[in-house]
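My numbering runs 146 ahead of the 1-based position in the sequence shown. Cβ coordinates follow ideal geometry from the N, Cα and C atoms, glycine included.
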Amino acid sequence: MKKTIFAFFIFLLTGIVSFAQTFTLRSKDIGGQATTKQVFKGFGCTGENISPELYWENVPAGTKSFAVTMYDPDAPTGSGFWHWLIFDIPANVSELKSGAGDLSKNLAPAGSIQSKTDFGQPGYGGPCPPEGHGFHEYIITVYALKTEKLGLDQNASGAYVGFNLYGNTIAKASLVMYYKR
Numbered sequence: 147m148k149k150t151i152f153a154f155f156i157f158l159l160t161g162i163v164s165f166a167q168t169f170t171l172r173s174k175d176i177g178g179q180a181t182t183k184q185v186f187k188g189f190g191c192t193g194e195n196i197s198p199e200l201y202w203e204n205v206p207a208g209t210k211s212f213a214v215t216m217y218d219p220d221a222p223t224g225s226g227f228w229h230w231l232i233f234d235i236p237a238n239v240s241e242l243k244s245g246a247g248d249l250s251k252n253l254a255p256a257g258s259i260q261s262k263t264d265f266g267q268p269g270y271g272g273p274c275p276p277e278g279h280g281f282h283e284y285i286i287t288v289y290a291l292k293t294e295k296l297g298l299d300q301n302a303s304g305a306y307v308g309f310n311l312y313g314n315t316i317a318k319a320s321l322v323m324y325y326k327r
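Right, dumping it as structure tokens:
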């Protein structure tokens, strides 16, 4: 009986340790709901349009670079809405500072590229769903990639970046925030 209990305890402990070491995305800036800080400034929205601070842990072996995206699958476009695409983030980087999505602030990691969002320009564009459309889900994902460079530039569309991420992803982790107006 003691051996069975001990074996179960070891099994449980192994499961907890395994869980704690998965590739994980975290943020000190966001929780379940977008705040005025993250919300877009324009199109009738009056937010500050500041990209959230993000950091990731337990990077998988073989990672050569990272990418981060923010996507709204609830946008009434038929194809969702890309709010942020930043890629070619060097493998030795594990954080994006708050405001890194503003190209004029030069806070993004050296060598990284921010491509066009569905707002039509590179950089971060915060939540701004149509009035009365209900809650929209904003999925922020970090991708651990098996290549140093995607071979794309700031004119790449969200769909094209997503296509290139698909074939180069080792692991990914996401956070979700919601917003309505």
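Neighbour-count burial assignment, residue i, 16 or more Cβ in a 10 Å radius
i, result
"Lys174", "exposed"
"Asn301", "exposed"
"Ser225", "exposed"
"Phe154", "No answer about Phe154 holds up, because its pLDDT of 48 lies below 50 and its placement is not dependable."
"Asp299", "exposed"
"Asn195", "buried"
"Pro275", "buried"
"Phe309", "exposed"
"Gly280", "exposed"
"Ala213", "buried"
"Ala305", "exposed"
"Gly271", "buried"
"Ala207", "exposed"
"Ala256", "exposed"
Separation of residue j from residue i, as counted between CA atoms
i, j, result
"Thr209", "Gly190", "40 Å"
"Phe186", "Leu321", "18 Å"
"Lys290", "Gly188", "Note on residue identity: the sequence assigns Ala, not Lys, to residue 290. If you take the alpha carbons of Ala290 and Gly188, they lie about 32 Å apart."
"Tyr312", "Gly278", "33 Å"
"Ala317", "Thr215", "14 Å"
"Thr315", "Asp264", "23 Å"
"Lys295", "Gly178", "32 Å"
"Asn238", "Thr223", "36 Å"
Other residues of its chain near residue i: CB distance less than 8 Å, five sequence neighbours each side excluded
i, result
"Pro273", "Ala180, Gln184, Val185, Phe186, Cys191, Gly193, Asp218, His229, His282, Tyr284, Met323 and Tyr325"
"Lys292", "Gly208, Thr209, Lys210, Asn314, Thr315 and Ile316"
Contacts around residue i, its chain only, beta-carbon distance under 6 Å, and the 5 residues preceding and following it disregarded
i, result
"Ala246", "Ser197, Leu253 and Ala254"
"Ser258", "Ile232, Asp234 and Ile235"
"Ala221", "Phe227"
"Ile286", "Met216 and Leu321"
Cutoff 7 Å; reference residue i; Cβ partners in own chain excluding five residues on either side
i, result
"Pro268", "Leu249, Gln260, Ser261, Lys262 and Gln300"
"Thr182", "Gly193 and Glu194"
"Thr170", "Trp202, Glu203, Asn204 and Ala319"
"Lys251", "Gly245"
At what residue ranges does the region 237-312 contain a whole run of the alpha helix (DSSP H), taking only runs of 4 or more? 304-312
Beta strand (DSSP E) runs wholly inside the region 189-245, at least 3 long, in chain order: 200-203, 211-218 and 227-236
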